[in-house]
Every structure is written in structure tokens, then in C-alpha cells.
Amino acid sequence: MRWWVAAMLLLVAAPVSAQEDLRIIRDRLYVSDASACEALADKGVDAWMDVDFLSLSFVDGIQSMEFQCRFFEVKEREGSTHLFIDAVCEVPGEVYPDILAVTPYTETQIQVVSGYDAAMAASGQFETGSEVATPGATLYTRCDNLSEIPVD
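If you count the sequence shown from 1, position 74 lands on 74 in this note's numbering, and the numbers rise without skipping.
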């Protein structure tokens, strides 16, 4: 009986430790639409003309055609895979502070939760996405072939 209980505990704990092994690779570019990796590699900044996406780099922040968030501080804690980011974001005619929680989601994806977007979703002013259950969250896919947006 003890052997069976021990085996069940190992099976239950296995996914947890696998999740803890996921890491955020901070020297790569991430995009909110996986097809944007190829588009950026082929067309550089002109990729935004063909694909509607956000890009995230830990150097340049989050960018799109009419939106940007500049990162002021990226904090990490030893022993944790999570990041905490202070940012100032802009859309035409609006500037606002934001805080972001960044966590590994899969081997090649990170989840970015915006405090601002979560508050707006809770107030009913933003619709929540169906891709993830967390209000204010966006999934970003790592572009393993890019460390920055090519500019020609």
C-alpha cells in the first residue's frame, strides 16, 4: 500500500517539477502571434503591415504599430521563474503606468499579465481573450531565430 501511495505522489508531483524547469530566455524576441516570427525575419518592421501582433523584447519592451510599453525595471527573485516588470505604456493620446507579471507558459511561450489590462477587464472595459483564462494575460511565442526586430 505504501508503494502505491508513493507512486501516486510521484505522478502528481512530476508535472509540477516539469513546470518549474521552464525558463524565460531573455535574449530572444517574443511575439503574440507565432506567424510573426517568420514575417519579421522576412520583412523586418514591415511585418506589422501583414500581421497584427505585439512584440516583446526585454531590451525594447512591448511594441506594435500604435502601442508601446517601455520597461523601466525587470525584477527577478532567486529560485523563481517569474519576472516582475515596471513599465510605462503609450497608445496615441494616452500614457499610463503598468506592472507586468511574466511567467513561463510552455517551453517556447511566456504569459504576460498586465495589471492595467486586468483592471480594465475586471471593470468590463476590455474583453478577456479566450486563449488564457487569466484576465489581462497575453501569450507570447519565442522567436528562436531573432533577438531583435530586423530593420533594413
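The beta carbon of each residue, even a glycine, is placed where N, CA and C say it ideally should be.
Margin query: Can you find the residues in the same chain that come closer than 7 angstroms, C-beta to C-beta, to residue 101, ignoring five residues on each side of it along the sequence?
Written below: Translated into the one-based positions of the sequence shown, residue 101 becomes position 101. Non-local C-beta neighbours of residue 101 in its own chain, meaning closer than 7 angstroms and more than five positions away in sequence, comprise 82, 84 and 113, ordered along the chain.
Margin query: I need the DSSP call for residue 141, collapsed to helix, strand or coil.
Written below: By one-based count along the sequence shown, residue 141 stands at place 141. Collapsing the DSSP output to three states places residue 141 in a strand.
Notebook entry, point to check: Just reading off the beta strand (DSSP E) that residue 30 is part of, what are its end residues?
Noted result: Counting from one through the sequence shown, the residue named residue 30 turns up at place 30. Element bounds for residue 30: 29-31.
Check: Expressed to the nearest angstrom, what Euclidean distance is found between the alpha-carbon atoms of residue 32 and residue 97?
Finding: The residue you call residue 32 lines up with position 32 of the sequence shown. The residue you call residue 97 lines up with position 97 of the sequence shown. Distance between the alpha carbons of residue 32 and residue 97: 21 angstroms.
Item checked: residue 56 in three-state terms, based on DSSP -> Here residue 56 corresponds to residue number 56 of the sequence shown, with the count starting at 1. In the displayed model, residue 56 falls within a strand according to three-state DSSP.
Notebook entry, point to check: If you run the structure through DSSP and keep just helix, strand and coil, what is residue 146?
Noted result: Locating residue 146 in the sequence shown gives position 146, counting from the first residue. Coil at residue 146, not helix or strand.
Item checked: Every unbroken alpha helix (DSSP H) inside the segment 61-88 [4 residues or more] -> none
Notebook entry, point to check: Given residue 143, which residues of its chain have a CB within under 8 angstroms of its CB, disregarding the five upstream and five downstream residues?
Noted result: Within the sequence shown, numbered from 1, the residue matching residue 143 stands at position 143. Within the same chain, residue 143 has close Cβ partners 28, 29, 30, 31, 36, 37, 40 and 41.
Check: When you compare only the Cα positions, how much space is there between residue 86 and residue 61?
Finding: In the sequence shown, the residue the question calls residue 86 occupies position 86. In the sequence shown, the residue the question calls residue 61 occupies position 61. So the alpha carbons of these two residues sit roughly 10 angstroms apart.
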